[in-house]
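Here is the structure we will look at, set down as C-alpha cells.
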Amino acid sequence: MGDARAVTEAYLQIFRNVPAAGPGVCRICHTGAGGPSGLCVTCGVTTQGLYRHTEHVVPVSLCVRDGDGAQLHAIVTRRRDPPGSVRRVPFLAATVARFHRAHSACLTRLAGGPFTMVTTLPGTRLDRPIEVFGPMPRIVDMVGDLRGLHRPVLMAGSAQAAENLARRRSDERAFQVLGRVDGARVLLVDDLFVSGAHVQSAASALYLAGARAVVALVIARLVFPRAGGDTARLWERACAERFDFDRCCCAGAPTVDRATDFG
Numbered sequence: 000m001g002d003a004r005a006v007t008e009a010y011l012q013i014f015r016n017v018p019a020a021g022p023g024v025c026r027i028c029h030t031g032a033g034g035p036s037g038l039c040v041t042c043g044v045t046t047q048g049l050y051r052h053t054e055h056v057v058p059v060s061l062c063v064r065d066g067d068g069a070q071l072h073a074i075v076t077r078r079r080d081p082p083g084s085v086r087r088v089p090f091l092a093a094t095v096a097r098f099h100r101a102h103s104a105c106l107t108r109l110a111g112g113p114f115t116m117v118t119t120l121p122g123t124r125l126d127r128p129i130e131v132f133g134p135m136p137r138i139v140d141m142v143g144d145l146r147g148l149h150r151p152v153l154m155a156g157s158a159q160a161a162e163n164l165a166r167r168r169s170d171e172r173a174f175q176v177l178g179r180v181d182g183a184r185v186l187l188v189d190d191l192f193v194s195g196a197h198v199q200s201a202a203s204a205l206y207l208a209g210a211r212a213v214v215a216l217v218i219a220r221l222v223f224p225r226a227g228g229d230t231a232r233l234w235e236r237a238c239a240e241r242f243d244f245d246r247c248c249c250a251g252a253p254t255v256d257r258a259t260d261f262g
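Going by numbering that gives the first Met the number 0, the residue at position 68 of the sequence shown is 67; the numbering climbs one at a time, nothing skipped.
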C-alpha cells in the first residue's frame with residue numbers, strides 16, 4: 000500500500016491547474032473556446048456524428064509536449080522508466096487516487112449519482128498488439144476507491160475506425176463493449192486527452208451499449224500554447240499559479256484532500 004499524497008507531493012511542480020469552463024474556456028476540454036456554443040473547434044468536431052458524447056471530461060492537469068512544463072507529458076507517454084526516475088504506473092495511480100478522493104463528490108454529481116462501473120480505454124493500434132494492453136487497467140486496480148468497480152468492458156474495434164482515431168476523428172466503431180452496461184454510471188479513466196476523439200468514441204460506444212452516464216477522468220490534458228489565442232493565455236496563467244489537488248475544474252469551491260491509500 001502507498002500514500003498517494005506522499006507520492007505526489009514532491010512533484011506538484013509538474014502539474015498545472017485546469018480552468019473551469021466559462022468565457023474563453025471550452026466546457027468539455029477546459030481549454031480555449033472559439034464559438035457561442037461554448038465548445039472549442041476541436042471538441043465541436045470530435046462530438047459530431049456520434050450516437051452520444053459525454054459533456055463531462057475532467058482533467059487532473061494540463062500539460063505540454065515540450066519546453067517548460069513537459070515533465071508530466073513525458074511520464075504519461077513513456078513506455079519504460081529511465082533508471083532513477085519516478086515509476087510511471089505507481090505515480091499515475093497515486094495521481095488518480097489523490098484527485099479522485101478529493102473530488103469524488105464532484106464526479107458523482109456530474110454522473111447524476113454514484114458510479115456503478117469504472118473502465119479504461121484500450122489501445123487501438125491493431126498493428127501493435129502489445130499497446131492494446133496498456134497501463135491504465137493496472138493503474139485503476141491500484142486505486143483502492145476504484146478497483147472494486149473496475150470492469151474492462153472496452154475492446155478495440157475495426158481497423159478503419161482506428162485509422163479515423165489516428166486522424167483525430169471520432170468513430171464509435173473504434174471500440175466494442177463486452178456485453179450490456181444497461182443503466183450503468185461509468186467513470187471512464189484515461190491517461191492523456193489530446194483531441195478527445197478516443198474518449199468521445201468510447202463514450203458513444205458505452206451509451207450505445209446502454210450506459211446511463213459517462214464521465215471521463217483524464218490525468219493530463221495536452222495543450223498547444225504556441226498556437227496562441229485563448230489556449231496560450233490559459234497556459235500562461237496555469238504556469239503562474241501553484242498547482243493544488245484541492246482545485247477542480249468542475250467544482251465551485253475547494254474540497255478536503257484526505258490521506259489516500261493506493262497499491
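Every residue, glycine too, gets a C-beta built ideally from N, C-alpha and C. Keep in mind it's a predicted model, so treat the numbers as computed, not measured.
On the criterion of 16 or more Cβ atoms from any shown chain inside 10 Å, does Glu240 qualify as buried, or is it exposed? Exposed, since its Cβ has fewer than 16 Cβ neighbours within 10 Å.
Exposed or buried, what is Pro18 when buried is set at 16 or more other beta-carbons lying within 10 Å of its beta-carbon? Around the Cβ of Pro18, a 10 Å sphere holds 16 or more other Cβ atoms; the residue is buried.
Per the DSSP calculation, Arg184 is bridged to which residue(s)? Arg184 is bridged to Ala212.
Could you please give me the residues that DSSP links to Arg149 through a beta bridge? Inspection of the sequence shows that residue 149 is occupied by His rather than by Arg. Looking at the DSSP output, His149 shares a beta bridge with Val117.
Return yes when the Cβ of Thr76 is within less than 9 Å of the Cβ of Ala215, no when it is not. No, the Cβ-Cβ distance between Ala215 and Thr76 is not below 9 Å.
For Phe192, the nearest candidate out of Val217, Phe174 and Gly209 (CA to CA): Cα-wise, what sits closest to Phe192 is Val217.
According to DSSP, which residues form a beta bridge with Pro58? Answer is Val217, bridged to Pro58.
Helix, strand or coil for Leu191, going by three-state DSSP, please let me know. In this structure, Leu191 counts as strand in the three-state DSSP scheme.
Helix, strand or coil, according to DSSP, for Gly21 in the structure here? In the three-state reduction of the DSSP assignment, Gly21 falls in the strand class, which pools E and B.
Where do the N-terminal and C-terminal ends of the beta strand (DSSP E) with Val176 fall, by residue? First-last of the beta strand (DSSP E) with Val176: Phe174 to Val176.
Using 8 Å as the threshold, is the stretch 39-50 in touch with the stretch 115-122, meaning 3 or more CB pairs across them? Between the stretch 39-50 and the stretch 115-122, the count of C-beta pairs closer than 8 Å stays below three; the two stretches do not touch.
DSSP three-state assignment for Met135, whether helix, strand or coil: DSSP places Met135 within a helical segment (H, G or I) once states are collapsed to three.
Out of curiosity, what's the CA-to-CA distance linking Phe244 and Leu71? Straight-line spacing of the CA atoms in Phe244 and Leu71 works out to 15 Å.
Where does Met135 land, buried or exposed, given buried means 16+ other C-beta within 10 angstroms? So Met135 counts as buried.
Where the alpha helix (DSSP H) through Val222 begins and ends: No alpha helix (DSSP H) contains Val222, which DSSP labels as neither H nor E.
For Asp181, which of Ala212, Cys105 and Arg78 has the nearest alpha-carbon? Checked all of Ala212, Cys105 and Arg78; the closest Cα to Asp181 is Ala212.
Three or more C-beta pairs under 8 Å: does that hold for the stretch 95-108 against the stretch 2-18? Taking 8 Å as the limit for Cβ pairs, the verdict is that the stretch 2-18 does touch the stretch 95-108.
Considering Cα atoms alone, identify which of Val198, Ala165, Arg150 and Ala158 is closest to Arg179. When only C-alpha atoms are compared, the closest one is Arg150.
Assuming the contact rule is C-beta atoms closer than 8 Å, Gly195 and Thr41 should be a hit. Round their C-beta distance to whole Å, please. Indeed, because the Cβ distance is near 7 Å, the residues count as touching under 8 Å.
Exposure label - Arg246; buried when at least 16 CB within 10 Å: Buried, because 16 or more other Cβ atoms sit within 10 Å of the Cβ of Arg246.
My assumption, with CB atoms under 8 Å, is that Ala237 sits in contact with Asn16. Please give the rounded CB distance. Approximately 5 Å separates the beta-carbon atoms of Ala237 and Asn16; this is inside 8 Å, confirming the contact.
If Leu187 and Val198 are in contact, beta carbons under 8 Å, what's the gap, nearest whole angstrom? Rounded, the Cβ-Cβ distance is 7 Å, consistent with contact.
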